[in-house]
Amino acid sequence: MAGCVFCGIVAGEVPAFRVADEPDGVAFLDTRPVFKGHVLVVPRTHLVTLADLPTGSLAGYFGLVRRLAVAVESGLGAGGTFVAMNNKVSQSVPHLHTHVVPRTKGDGLRGFFWPRTRYADDAEAAGYATRVAEAL
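The structure is reproduced here in structure tokens:
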């Protein structure tokens with residue numbers, strides 16, 4: 001898609017530090033990493049959100065994400081990884097992408113990037129669970 005920086009990277013028109021280039025996706029270093037070695041994984045075709053990813057592409061795409069999570073950990077000597085995806089809200093580039101961030105104990109990253117909350121009680125939690133289940 002014209003004007004999409006990730007499509008430009010996939011096409012080889014925008015320079016990037018590529019980590020993987022496979023039929024199921026392309027992976028490259030994030031230019032503004034949370035920690036050094038932070039990788040972005042994108043599908044080759046322009047899709048905006050996870051909902052746009054065809055069912056037939058799920059295994060290949062997330063298989064690549066899984067392999068990269070293992071590679072980031074072993075290749076960088078990390079203690080683990082943080083794997084995340086934004087859909088629409090906080091999605092800085094409107095092209096589906098998954099973050100694979102190396103983690104080490106004591107790295108300063110605390111939980112999620114947003115504040116946590118609690119349900120008032122079990123009834124409120126059950127109400128939210130029901131609403132999501134009914135939408136599914």
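Per the UniProt record's numbering, residue 1 is the first one in the sequence shown, and the count goes up by one each step. Just so you know, even glycine gets a beta-carbon here, dropped at the ideal spot from N, CA and C.
Residue i classed as buried or exposed, judged by whether at least 16 other C-beta atoms fall within 10 angstroms
i	result
Y61	buried
T31	exposed
Sequence-distant residues of its chain with Cβ nearer than 7 Å to residue i (five each side left out)
i	result
T104	A78 and G79
Of the residues the options, the one placed nearest residue i, counting alpha carbons only
i	options	result
A84	L76, L50 and S74	L50
P43	V26, G56 and G106	V26
T37	D21, C7, E73 and L47	Note on identity: in this sequence residue 37 is Gly, with Thr being the wrong assignment. Answer by Cα proximity: E73.
Continuous beta strand (DSSP E) stretch holding residue i: start and end
i	result
F28	G25 to L29
D122	Counting along the chain, D122 falls outside any beta strand (DSSP E), though it belongs to the alpha helix (DSSP H) covering D122 to A135.
L109	Taken as a continuous stretch (DSSP letters only), L109 belongs to no beta strand (DSSP E), as it is neither H nor E.
V70	Element bounds for V70: not the beta strand (DSSP E) but the alpha helix (DSSP H), L58 to L76.
A20	R18 to E22
residue 145	For residue 145 there is no data in the structure shown, the boundaries of the chain being 1 and 136.
Same chain only: Cβ atoms within 6 Å of residue i, ignoring 5 sequence neighbours per side
i	result
H97	L40 and V42
G8	V14
Endpoints, alpha helix (DSSP H) assigned at residue i
i	result
V10	V5 to A11
Requested in this report: Give a yes or no on contact between the stretch 13-29 and the stretch 56-72, applying the rule of three or more CB pairs nearer than 8 Å.
Outcome: yes
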